[in-house]
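Below is one structure, written out as structure tokens, with a few remarks after it.
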Amino acid sequence: MKPPANFFFEEIVGWHKYVKNGIIQETFLQYAGLPFDIGHATILGGPKSENELYGSFQDITKNKLCDLYLIMINNNQTELKWQLRNSMGIKPQGYQWSFSLPIDLTLIRQ
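To convert, count from 1 in the sequence shown and add 15; that's our numbering.
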């Protein structure tokens with residue numbers, strides 16, 4: 016089913032690089048700018064409320080999709096809460112319940 020003409024919605028699309036103690040743990044930046052609808056993005060989401068975004072995040076090392084919550088935590092829009100959670104649903108045998116990245120962060124605009 017095609018969306019109606021002139022149908023628009025906001026979404027966030029992104030790629031990530033995780034560096035720990037100066038060492039790159041994982042990166043997907045080499046795919047930045049490529050079509051994201053065929054698996055080249057690691058972050059996809061949209062607005063949940065005025066101050067929240069909800070979406071999916073690809074944990075490359077664990078080879079799994081998880082839920083991503085981005086929550087603006089102050090009125091100056093300088094602090095953002097980053098939360099990763101395992102998505103709901105039936106998981107295959109051998110599912111990696113842990114994460115290779117931090118799951119709770121406060122990001123501060125410098």
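Cβ coordinates follow ideal geometry from the N, Cα and C atoms, glycine included. Note that the structure is predicted; figures quoted are calculated from it, not measured.
*So the beta strand (DSSP E) Arg124 belongs to, where does it begin and stop?*
Element bounds for Arg124: n/a, residue is neither H nor E.
*Starting from the Cα of Asn101, find the closest Cα among Leu49, Gly60 and Ser113 and give me that residue.*
When each option's Cα is compared against that of Asn101, the closest is Ser113.
*Do you know offhand how far Lys63's Cα is from Ile86's?*
C-alpha separation (whole angstroms): 10 Å.
*At what residues does the beta strand (DSSP E) containing Glu67 begin and finish?*
Glu67 -> beta strand (DSSP E) spans Glu67 to Asp74.
*In whole angstroms, what separates the C-alpha of Ile38 from that of Ser115?*
Ile38 and Ser115: Cα-Cα distance of roughly 14 Å.
*Grouping DSSP H, G and I as helix and E and B as strand, with all else coil, what is Gln13?*
In the structure displayed, the chain extends from 16 to 125; residue 13 sits before or after that span and is not available.
*Are at least three pairs of beta-carbons, each pair with one atom in the segment 75-82 and one in the segment 44-51, less than 8 Å apart?*
With a cut-off of 8 Å, the segment 44-51 and the segment 75-82 do not count as touching, because too few Cβ pairs lie within range.
*Just how far apart, CA to CA, sit Gln92 and Leu120?*
Each residue's Cα considered, the two are about 15 Å apart.
*Tell me, to the nearest whole angstrom, how far the beta carbon of His55 is from that of Tyr46; I am working on the premise that it is less than 8 Å.*
Right, their Cβ atoms sit about 4 Å apart.
*With 7 Å set as the bound, which would you pick, yes or no: does the beta-carbon of Lys79 sit closer than that to a beta-carbon of chain C?*
Among the chains of the structure shown, chain C does not appear; only one protein chain is present.
*Take Phe24 as the anchor and find which of Leu99, Gly60, Asn36 and Gln40 has the nearest alpha-carbon.*
The candidate whose alpha carbon is nearest that of Phe24 is Gly60.
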